Every structure is written in structure tokens, then in C-alpha cells.
Amino acid sequence: MNLWLASLVLLAATGSTPVVGLPCEGCEAVFDGLPANPPAIARIAPAGEPGEALRIEGTVRNAKGAAVPGVVVYAYQTDARGIYPRDDTAKTASGARHGRLRGWAKSDARGRYRFDTIRPAGYPDTNVPQHVHMHVIEPGRGTYYLEEMLFTDDPRLTAEQRRLQANGRGGSGLVTPRKDATGAWLVTRDIVLGQAVPGYTP
Ligand SMILES: [Fe+2]
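Per my numbering, the sequence shown starts with residue 248, numbered consecutively.
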């Protein structure tokens with residue numbers, strides 16, 4: 248069974264069909280460790296993880312701009328060395344590969360979600376910029392990945408990557424880091440459900 252088919256079978260088994268935005272490599276990981284009822288405020292990196300503190304916050308909206316509660320946002324990232332620290336407790340190969348720096352937050356009544364984590368690093372010895380991968384689990388739509396989150400202050404970020412982000416999946420993943428009162432990094436990543444996702448009809 249190829250990966251695409253395996254993903255489809257697994258997604259169907261979760262009862263979350265119909266699915267959009269396929270193929271979705273590694274989508275089984277989104278459900279691997281998924282809490283029964285994710286909080287609106289969650290962690291990606293655990294407290295104490297080395298690195299610079301980062302808060303990601305945003306609002307989940309539909310194409311008309313209305314806030315959407317009850318959407319699970321899944322995120323995973325590299326550590327401060329640019330490595331995905333392998334999670335050997337994961338049940339799936341893709342879950343293990345996404346690593347132990349991953350988390351789930353469910354949008355609250357006002358569509359808001361938040362992750363506390365650290366700033367990721369770009370992959371070592373490459374030009375790959377800092378990024379955070381994201382998916383949503385949207386009721387009735389299954390899961391689909393969003394444009395990865397990229398940081399405008401990252402010197403590795405190219406003009407082409409910025410351009411591609413403008414009409415990305417789920418809205419732009421470009422974020423501009425700022426510091427909060429405690430000196431921690433703060434970014435806003437709003438999500439537009441279904442934007443630029445193949446097969447998605449409002
Ligand atoms: Fe990555």
C-alpha cells in the first residue's frame with residue numbers, strides 16, 4: 248500500500264471523511280498522540296526545552312472571515328539545533344519522524360488557539376529557513392497541511408519563499424516575530440480554512 252492510500256485508509260478509519268488536500272504525506276502523524284480534547288493553549292516544545300521562548304497565537308477563520316471554533320491545529324518543529332528530535336514513543340513512523348516537539352491546540356469559542364514553544368532553527372548546513380509545520384483537523388474535512396510558518400527576520404528566507412507564501416495553504420504562513428513584555432518571541436499565525444487547498448469547497 249502506498250503512502251497516499253495508507254493515509255486515505257487511516258483518515259477514513261477516523262471517521263473524518265470527506266478528505267481534502269490529498270495527498271498528505273505523513274498525515275497519520277496528526278492522529279498519532281492526538282489528545283481526546285485538545286486545549287486551546289498547548290505546548291509544542293516542553294517546558295525546559297533549550298532555546299528561545301516563542302509563543303504562536305492566531306485565529307482560525309473561514310473564507311468569509313468568521314471565527315471557527317473546534318478546529319484542531321497540529322504543529323511540529325525542529326529544536327534549537329535544527330533537528331527533529333525523534334520520538335520513539337510514537338506509534339507511527341511519521342509520528343516518530345515528526346519528533347517529540349509537536350502539539351495539538353483546538354480553537355476556542357472565538358476561534359483562537361495558542362502554542363508555547365521555542366524558536367526552531369533551520370536545518371543544519373542547509374539554506375532551509377526556520378519553520379514550523381502545521382496541519383488542521385477540520386470537522387467534516389479530515390486533516391490537511393497548511394503552509395509552513397516562516398519568520399520574516401530569518402536571513403535564510405528568500406524573496407521567492409516570501410512570494411510563494413502570499414497565497415499559501417490556509418493563508419500566509421509568514422510571521423513577523425516581536426518581543427512580548429517578558430522578552431519572549433511572539434508571532435501571530437492566523438488560519439484561513441481551505442484557502443488554496445485542492446478539493447476544498449466552502
Ligand atoms: Fe521541516
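Glycine included, each C-beta is placed from N, C-alpha and C at the ideal position.
Just so it is clear, the structure is predicted and the values come from calculations on it, not from any experiment.
beta-carbon residue i near ligand 1 non-hydrogen atom, thresh 7 Å
i: His345; result: no
i: His382; result: no
Buried versus exposed, by CB contacts within 10 Å (16 or more), residue i
i: Ala428; result: exposed
i: Arg206; result: No information on residue 206 is available, as it lies outside the stretch 248 to 449 that the chain covers here.
i: Thr325; result: buried
i: Gly346; result: buried
i: Asp334; result: buried
i: Thr448; result: exposed
i: Gly387; result: exposed
i: Gly420; result: buried
For residue i, the nearest candidate out of the options (CA to CA)
i: Thr339; options: Gly273, Arg328, Tyr321, Glu299; result: Gly273
i: Arg361; options: Asp279, Ile438, Ala289, Gly441; result: Ala289
i: Thr373; options: Val315, Ala283, Glu296, Ile330; result: Ile330
i: Gly342; options: Gln442, Asn309, His380, Pro285; result: His380
i: Trp432; options: Val422, Ile438, Gln324; result: Val422
i: Ile438; options: Val315, Ala337, Pro332; result: Val315
i: Tyr323; options: Arg357, Thr336, Met396, Pro297; result: Met396
i: Gly280; options: Ala300, Tyr321, Pro297; result: Tyr321
i: Phe398; options: Ala337, Ile303, Ala287, Pro285; result: Ile303
Which of helix, strand or coil DSSP assigns to residue i
i: Arg290; result: strand
i: Leu301; result: strand
i: Ala327; result: coil
i: Leu433; result: strand
i: Ala443; result: coil
i: Glu272; result: coil
i: Arg349; result: strand
i: Arg361; result: strand
i: Ala406; result: helix
i: Ala310; result: coil
i: Arg416; result: coil
Residue i to residue j span [Cα, whole Å]
i: Thr390; j: Val267; result: 7 Å
i: Ala313; j: Ser354; result: 13 Å
i: Gly430; j: Trp351; result: 25 Å
i: Pro367; j: His382; result: 17 Å
i: Gln412; j: Gly295; result: 31 Å
i: Gly305; j: Glu385; result: 16 Å
i: Val375; j: Gln408; result: 10 Å
i: Asp363; j: Ile291; result: 6 Å
i: Gln377; j: Ala310; result: 28 Å
i: Leu440; j: Arg308; result: 6 Å
i: Ala406; j: Asp400; result: 12 Å
i: Ala459; j: Pro402; result: Nothing can be reported for residue 459: it is not among the residues displayed for the chain, which extend from 248 to 449.
i: Leu282; j: Arg410; result: With the sequence shown as reference, residue 282 is identified as Pro, and Leu is not the correct amino acid for it. One C-alpha to the other measures close to 35 Å.
i: Gly415; j: Glu394; result: 5 Å
i: Pro270; j: Ala443; result: 14 Å
Closer than 7 Å: residue i CB and nearest ligand 3 heavy atom
i: Leu281; result: You won't find ligand 3 in this model; what it holds is ligand 1.
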